[in-house]
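Engineer: One structure, as structure tokens, below. Some questions next.
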Amino acid sequence: MFLRSKKLPLDGMHEECGVFGVYSTETRDVAYTAYLGLYALQHRGQESCGIAVTYANKIQYYKGMGLVPEVFSGEGLARLPEGDIAIGHVRYSTTGASSPLNAQPIVFTGKCGKMALAHNGNLTNTKQLREELIQDNAVFQTSIDSEVLALLINKYSDGDIVRGVIQACNRVQGSYALVIMAADKLIAVRDPYGIRPLILGKCLDDTIIASESCAIDAVGGNCIRDIKPGEIVVIDAKGVQSYFLEQQKKTASCIFEYVYFARPDSVIDGCSVYEARKEAGRLLAKHAPIDADIVSGVPDSAVVAARGYSEVSGIPYVEALAKNRYLGRTFIQPDQTTRENSVSVKMNALRANICGKRLIIVDDSIVRGTTSRQIVKMLREAGAKEVHMMICSPIVKYPCHLGIDMQTRSQLIGAYRTQEEIGQFIGADSLHYLTVAQLRQTCKTGCLQFCTGCFDGEYPYSLADFQADKYKFE
Ligand code: SF4
Numbered sequence: 050m051f052l053r054s055k056k057l058p059l060d061g062m063h064e065e066c067g068v069f070g071v072y073s074t075e076t077r078d079v080a081y082t083a084y085l086g087l088y089a090l091q092h093r094g095q096e097s098c099g100i101a102v103t104y105a106n107k108i109q110y111y112k113g114m115g116l117v118p119e120v121f122s123g124e125g126l127a128r129l130p131e132g133d134i135a136i137g138h139v140r141y142s143t144t145g146a147s148s149p150l151n152a153q154p155i156v157f158t159g160k161c162g163k164m165a166l167a168h169n170g171n172l173t174n175t176k177q178l179r180e181e182l183i184q185d186n187a188v189f190q191t192s193i194d195s196e197v198l199a200l201l202i203n204k205y206s207d208g209d210i211v212r213g214v215i216q217a218c219n220r221v222q223g224s225y226a227l228v229i230m231a232a233d234k235l236i237a238v239r240d241p242y243g244i245r246p247l248i249l250g251k252c253l254d255d256t257i258i259a260s261e262s263c264a265i266d267a268v269g270g271n272c273i274r275d276i277k278p279g280e281i282v283v284i285d286a287k288g289v290q291s292y293f294l295e296q297q298k299k300t301a302s303c304i305f306e307y308v309y310f311a312r313p314d315s316v317i318d319g320c321s322v323y324e325a326r327k328e329a330g331r332l333l334a335k336h337a338p339i340d341a342d343i344v345s346g347v348p349d350s351a352v353v354a355a356r357g358y359s360e361v362s363g364i365p366y367v368e369a370l371a372k373n374r375y376l377g378r379t380f381i382q383p384d385q386t387t388r389e390n391s392v393s394v395k396m397n398a399l400r401a402n403i404c405g406k407r408l409i410i411v412d413d414s415i416v417r418g419t420t421s422r423q424i425v426k427m428l429r430e431a432g433a434k435e436v437h438m439m440i441c442s443p444i445v446k447y448p449c450h451l452g453i454d455m456q457t458r459s460q461l462i463g464a465y466r467t468q469e470e471i472g473q474f475i476g477a478d479s480l481h482y483l484t485v486a487q488l489r490q491t492c493k494t495g496c497l498q499f500c501t502g503c504f505d506g507e508y509p510y511s512l513a514d515f516q517a518d519k520y521k522f523e
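If you use the numbering used here, the sequence shown corresponds to residues 50 to 523, in order.
Shown next as structure tokens:
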């Protein structure tokens, strides 16, 4: 039995994490800026969150399980002092258990004094590094790979945190977008392939770092530029300086950010997520024309693409599904049967709009297939005469080991079934996907090359290495 919904917990695919940092030229309520930034990045992780603030050579932090407003309502935010620098993190666990201990930022005292680190991504060579650090008398407190990075930075710092960051990053493999805070500086790092997004912005005299541009917009700032793959940006009293890790021959930004993970109002590496999604719909209309009465999108991520399909095909866009907007990520689904039924809790068909109609329904991706099957069933029960499904990405055939919770092939309906078999499984009259080349075309305004590993098995880091590194501190 396959199951897929990326929009509810315990299903097939989840977002990774989001990071945020602010450097202020004056002591003020930087924690509140971080809070606003994390609020805008909530879609990237809903399990836990935290904020750390530097003030008077000290670091104070507050973190906990739950959504940003849950953790920081009441006394949470009030407990954080005014300061000069703050970093924040929203987490969905891809390594390590979902527990308060594993919430980030990681805060510790090391060779460079107090330090805090927040990480979006997934490292693929931590087993050996962790053993090496333990041999060096390091003590681990959490079960997350990010702590390996923090302790490596400390190991190599010797009074110069920037040198520590460079040497530590040269030893790790995998995806990482980092914000690191010391008493007097904010440091941002993007891995040499640029797998996860990271952007630099300004808000008056403050310098901002965020996983997505929507967070810079949320704090009233302006985006300056994306952090380059392999770039280390150091922000301190001297200004903003860049250093570079050893460059790779090519870059490999995660193309799934555009398909599903990122917010549609974000722009990543020069490519608008909204435009990429709309173009996906346009391309589907061009390459998979269907004679139908109406076209619609699965809310929320596929609505823009459905409008793109409508634009090119001339088939009117009509709402087919109404979403329950109050179904949070905390919705508990105790078993598989309940999880399958949860689709009808999450959304409902608009019978009056679709009854007797030949319907094209657009979705962003199919991971396990069960959600798509439930949606097709729901639309038919509401009277749709035909249901044709259009997917804004290629067949997901391979797992992701670079920060997305999609780690085994057995989770993926596309790993073992053909397009026709998937269409039969979900019960659609027809099923159409974009090809990898077409998906790349949707992001053609972006300035980086892409990772498309979950579609074609072409990863920047070997999946076998990650599997050999399976010792993930459970
Ligand atoms: S394997 Fe897929 S989800 Fe993972 S980084 Fe590559 S494109 Fe993104």
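Built from N, CA and C at the ideal position, the CB exists for glycine as well.
Note that the structure is predicted; figures quoted are calculated from it, not measured.
1. In whole angstroms, give me the CA-to-CA distance for Leu-227 and Lys-426.
2. If you check the beta carbons only, do Val-221 and Leu-247 fall under 8 Å apart?
3. In whole angstroms, what separates the C-alpha of Thr-379 from that of Lys-395?
4. Within the continuous beta strand (DSSP E) that includes Ser-97, where are the two ends?
5. May I ask which residues mark the beginning and end of the beta strand (DSSP E) holding Leu-370?
6. What separation, rounded to the nearest whole angstrom, lies between the Cα atoms of Val-361 and Ala-354?
7. What does the alpha-carbon distance come out to for the pair Cys-218 and Lys-327?
8. From Glu-280 to Tyr-110, what does the alpha carbon distance come to, in whole angstroms?
9. I'd like to confirm something about Ile-317: is its beta-carbon nearer than 7 Å to some heavy atom of ligand 1, or not?
10. Looking at C-alpha atoms only, which residue of Ile-229, Val-102, Ile-136, Ala-89 is the closest neighbour of Pro-118?
11. Have a look at Pro-338, Val-485, Ile-462 and flag the residue whose alpha-carbon is nearest the alpha-carbon of Ile-475.
12. Take Val-188 as the anchor and find which of Thr-158, Thr-173, Gly-170 has the nearest alpha-carbon.
13. Could you have a look at Ala-231 and say whether DSSP puts it in helix, strand or coil?
14. When burial is assigned at 16 or more other CB atoms within 10 Å of the CB, is Thr-494 buried or exposed?
15. Going by other Cβ atoms of all chains shown within 10 Å of its Cβ, with 16 needed for buried, is Asp-207 buried or exposed?
16. Return yes when the C-beta of Gly-453 is under 7 Å from any heavy atom of ligand 1, and no when it is not.
17. Identify which residue in Leu-201, Ser-359, Lys-163 has its Cα closest to the Cα of Glu-180.
18. Nearest by alpha-carbon distance to Val-411: which of Leu-497, Tyr-72, Tyr-366, Val-485 is it?
19. When you measure from the CB of Cys-449 to every non-hydrogen atom of ligand 1, does any distance come out below 7 Å?
20. Is the distance from the Cβ of Ile-134 to the Cβ of Val-71 below 8 Å?
21. Pick out the complete alpha helix (DSSP H) segments inside the stretch 106-135, 4 residues or longer, and give them in chain order.
22. Please give the ranges of any beta strand (DSSP E) in the stretch 148-222, keeping only runs that are unbroken, at least 3 residues long and fully inside the region.
23. For a minimum of 3 consecutive residues, which ranges assigned as the beta strand (DSSP E) are wholly contained in the stretch 463-501?
24. Less than 7 Å separating the Cβ of Cys-500 from some heavy atom of ligand 1?
25. Assign Lys-298 to buried or exposed, taking buried as 16 or more other Cβ atoms, counted over all protein chains shown, within 10 Å of its Cβ.
26. Enumerated in chain order, which unbroken segments of the beta strand (DSSP E) with a length of 3 residues or greater are wholly contained in the stretch 277-343?
27. Name the DSSP beta bridge partners of Ala-351, please?
28. Say yes only if the C-beta of Cys-303 is nearer than 7 Å to one or more non-hydrogen atoms of ligand 1, and no if none qualify.
29. On the CB-based measure, 16 or more other CB atoms within 10 Å of its CB, does Phe-293 come out buried or exposed?
30. Is Cys-503 near ligand 2, going by C-beta to nearest heavy atom under 7 Å?
31. Measuring CA to CA, which of Ile-343, Gly-125, Gln-153, Val-120 is closest to Val-68?
32. Take Ser-291 as the anchor and find which of Ala-513, Cys-320, Ser-97, Arg-239 has the nearest alpha-carbon.
Structural biologist: Inspection of the coordinates gives the following:
1. 43 Å
2. Not a contact, by the Cβ cut-off of 8 Å.
3. With a pLDDT of only 45 at Thr-379, under the threshold of 50, the placement of this residue in the model should not be trusted, and no figure is reported.
4. 97-104
5. That run of the beta strand (DSSP E) goes 370-372.
6. 11 Å
7. Whole-angstrom Cα-Cα distance: 36 Å.
8. Glu-280 and Tyr-110: Cα-Cα distance of roughly 27 Å.
9. no
10. Comparing Cα positions, the closest option is Ala-89.
11. For the residues Pro-338, Val-485, Ile-462, the minimum Cα distance to Ile-475 belongs to Ile-462.
12. Thr-158
13. strand
14. exposed
15. exposed
16. Note that residue 453 is Ile in the sequence shown, not Gly. Yes, since a heavy atom of ligand 1 falls inside the 7 Å radius drawn around the Cβ of Ile-453.
17. Leu-201
18. Tyr-366
19. yes
20. yes
21. 117-121, 124-127
22. 155-159, 162-172
23. 479-482
24. yes
25. exposed
26. 280-285, 288-293
27. Bridge partners of Ala-351: none, in fact.
28. yes
29. So Phe-293 ends up on the exposed side.
30. By its list of ligands, the structure shown excludes ligand 2, since it contains just ligand 1.
31. Gln-153
32. Arg-239
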